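Some notes on the structure that comes next.
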Amino acid sequence: MAILLPQQFFNLAAGVGKSYYENLAGGINAAVTVNNNSGFPVDLVLYRVNAPVVTYTIPALNSLTVSVNLLLVAALLSSAAGAVFGTIEVATSDF
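Right, here's the structure in full:
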């Protein structure tokens with residue numbers, strides 16, 4: 014069964030990071046969508062069970078959807094270049 018969590022808006026100052034999803038009970042399969050509406054890039058940082066941390070850079074005015082197995086934490090990190098804003102949405106699944 015899939016669960017679409019509420020869309021969250023982010024507005025991060027330069028050099029700031031924030032977690033937007035946490036599952037500390039062993040991880041869950043999920044799809045994470047980030048829409049970067051700002052003029053600066055934002056990093057999507059994914060922590061998974063028994064896997065290295067993966068970081069995706071989403072350029073200004075772009076979006077990215079990533080499907081991952083056993084997601085523990087999904088966080089966003091703004092660069093030192095400037096503040097970023099947009100949306101992040103997580104859909105979890107038992108597949």
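For the sequence shown, the positions run 14 to 108 when our numbering is used. Heads up, the beta-carbon is just placed ideally off N, CA and C, and yes, glycines get one too. Given the structure is predicted, the values throughout are model-derived calculations rather than measurements.
Strand pairing of residue i, partner residues [DSSP]
i	result
Y33	In the DSSP output, where bridge partners are listed per residue, Y33 has none listed.
V66	Bridge partners of V66: none, in fact.
Q21	I101
N42	S106
N48	S76, T100
Neighbour-count burial assignment, residue i, 16 or more Cβ in a 10 Å radius
i	result
V103	buried
A43	buried
Y69	exposed
L25	buried
Run of the beta strand (DSSP E) containing residue i, from where it starts to where it stops
i	result
S91	75 to 91
S106	97 to 106
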